[in-house]
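Inspection log for the structure reproduced underneath, given as structure tokens.
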Amino acid sequence: MLEEQIKQVQIAAQARIEDARSMEALEAVRVDVLGRKGSLAQFSKAFGKLAPEERAAAGKALNAAKEALESAFEERKRAFDTEALNARLKAEWIDLSLPAPGPRPGSLHPVTQVQMELEDLFTSLGFAVLDGPEVETEYHNFDALNIPATHPARDMQDTFWLTGGNLLRTHTSPVQVRGMERLGPPLRMIAPGRVFRNEEVDASHEHTFYQLEGMMVDRNVSVAHMLYFMKTLLSAIFRREVTVRLRPGYFPFVEPGFELDIQCLICGGPGCAVCKQSGWVELMPCGLVHPNVLRMSGIDPDEWGGFAFGLGLTRLAMMRYGIDDIRLFESGDLRFLRQF
Ligand SMILES: [Zn+2]
């Protein structure tokens, strides 16, 4: 009698196992039938009332039903596992024959681009490209450039002083001093690099910006030589005619000194924020190297002469690309940088 009931439960359970459409449904059937409180477990409780020989037969039937159902569950479960694996393999399939996406290509900072272009140009004119420290001695940044501590020009280049008396260089001129000291005449060199000023920051002033300074020392160097190089330089930079004007300018390290301005390329003359409404942008201080500067670097001014010039690389990049706010360069804003 009991064996018959066990058989019925087994048949019903097997049908449910076959009908199960998911792992969850299958697990529900397992709990119902094979679980601790499942229907097969209920039979064990009835065993106590049976005669020993009946109990042996019923036990045998119960074990057989359990084994049959357990293997049916395992088989069904394996089918679900295989199905799930196949679905995953299909979904996560990757075509390895496709080219790799690769790293996102970056680009050079606009100032770096202008700098590299100028380095190429000057190298072709026989100039060496020199590098120097951004943390400088007071001597190399000021004294050796004919700017002693009492000189009013020091006020024009307020900088960041470090403990110990060194400073963040206010121009790349100290590299020229180091170049003269090390190389001696005749020499042609440029010194591009980052410089610092203690400035009130606005659309045309930054505390950190880039310069390129150059110098040529040789016998019989005149203003005419200087003008030739400046003109070659500007036509190469702007790839077109630019209107320039030369004004007398005072810089302690040159004599005579000039201020070379170009007509503002942003507004073309009428005036804008970059040119401070004047229509002109100060581009290059230049002049013949002051005899004191030559002498301090161990060069005899009676035998040798030279010209020197400075160029704001940051300002040049603004002119080149029509950028009207200098703060963008150091902002690290990718929306700005990705345009170059
Ligand atoms: Zn302008």
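Sequential numbering of the sequence shown, starting at 2, is according to this note's numbering.
Here a beta-carbon is modelled for each residue, glycine too, at the ideal position from N, C-alpha and C.
Using only the alpha-carbon positions, how far apart do Ala52 and Ala58 sit? Mapped onto the sequence shown, residue 52 falls at position 51. Mapped onto the sequence shown, residue 58 falls at position 57. About 10 Å.
What does the alpha-carbon distance come out to for the pair Glu304 and Val290? Numbered from its first residue, the sequence shown carries residue 304 at position 303. Numbered from its first residue, the sequence shown carries residue 290 at position 289. Each residue's Cα considered, the two are about 13 Å apart.
Which of helix, strand or coil does DSSP assign to Leu235? As a first step, residue 235 is located in the sequence shown; it is residue number 234 there, counting from the start. Helix at Leu235.
Between Lys8, Leu184 and Pro257, which has its C-alpha nearest Ala225's C-alpha? Indexing the sequence shown from 1 puts residue 225 at position 224. Ranking Lys8, Leu184 and Pro257 by CA distance to the CA of Ala225 puts Pro257 first.
Taking the straight line between their C-alpha atoms, what separation do you get for Met320 and Ile95? Taking the first residue of the sequence shown as 1, we reach residue 320 at position 319. Taking the first residue of the sequence shown as 1, we reach residue 95 at position 94. C-alpha separation (whole angstroms): 48 Å.
Separation of Arg336 from Arg105, as counted between CA atoms: Counted from its first residue, the sequence shown places residue 105 at position 104. Counted from its first residue, the sequence shown places residue 336 at position 335. Cα-Cα distance, rounded: 15 Å.
I need the straight-line Cα distance from Gln11 to Lys91, nearest angstrom please. For the purposes of this step, residue 11 is taken as the residue at position 10 of the sequence shown. For the purposes of this step, residue 91 is taken as the residue at position 90 of the sequence shown. Cα-Cα distance, rounded: 36 Å.
CB Leu284 to CB Leu261, shorter than 7 Å? Here residue 284 is taken as the residue at index 283 of the sequence shown, counted from 1. Here residue 261 is taken as the residue at index 260 of the sequence shown, counted from 1. Yes. Within cutoff.
What are the uninterrupted segments assigned as alpha helix (DSSP H) that are 4 or more residues long and contained completely in the segment 270-299, given in chain order? Runs of the alpha helix (DSSP H) inside the segment 270-299: 292-297.
Out of Asp144, Leu163 and Gly165, which one is the CA nearest neighbour of Arg155? Here residue 155 is taken as the residue at index 154 of the sequence shown, counted from 1. Out of Asp144, Leu163 and Gly165, Asp144 has the C-alpha closest to the C-alpha of Arg155.
Distance cut-off 6 Å: Ile238 Cβ against heavy atoms of ligand 1: Locating residue 238 in the sequence shown gives position 237, where the first residue counts as 1. Outside the cutoff, so no.
Three Cβ pairs or more, each shorter than 8 Å: is that satisfied between the segment 212-224 and the segment 305-318? Yes, the segment 212-224 touches the segment 305-318.
State the start and end residues of the unbroken beta strand (DSSP E) segment that holds Asp203. For the purposes of this step, residue 203 is taken as residue 202 along the sequence shown, with counting starting at 1. It is not in any beta strand (DSSP E) - Asp203 carries neither H nor E in the DSSP assignment.
Bridge partners - Phe259, DSSP secondary structure assignment: What you label residue 259 is simply residue 258 of the sequence shown in a count that begins at 1. Answer is Pro249 and Cys287, bridged to Phe259.
Hey, would you say Val178 sits closer than 7 Å to Ser298, going by beta carbons? Taking the sequence shown and counting its residues from 1, one reaches residue 178 at position 177. Taking the sequence shown and counting its residues from 1, one reaches residue 298 at position 297. Yes, Cβ-Cβ distance for Val178 and Ser298 is below 7 Å.
Range of the contiguous alpha helix (DSSP H) that encloses Phe1: This structure gives no information on residue 1, because the portion of the chain shown stretches from 2 to 341.
Say yes only if the C-beta of Val275 is nearer than 6 Å to one or more non-hydrogen atoms of ligand 1, and no if none qualify. The residue given as residue 275 occupies position 274 in the sequence shown. Val275 Cβ: within cutoff of ligand 1.
Return the chain-ordered ranges of every alpha helix (DSSP H) run that is complete within the segment 70-138 and spans a minimum of 4 residues. Entirely contained in the segment 70-138, the alpha helix (DSSP H) runs reaching 4 residues are, in chain order, 111-125.
Quick check on DSSP: helix, strand or coil for Met319? One-based indexing of the sequence shown puts residue 319 at position 318. The answer is helix: DSSP assigns Met319 an H, G or I state.
Round the Cβ separation of Arg31 and Phe74 to the nearest angstrom and send it over; I've been treating them as touching at under 8 Å. Here residue 31 refers to the residue found at position 30 when the sequence shown is read from its first residue. Here residue 74 refers to the residue found at position 73 when the sequence shown is read from its first residue. About 6 Å separates the two Cβ atoms, so the contact holds.
With DSSP as the reference, please indicate the residues paired to Leu188 in a beta bridge. On the sequence shown, residue 188 is found 187 positions in, with the first residue counted as 1. Looking at the DSSP assignment, Leu188 forms a beta bridge with Val218.
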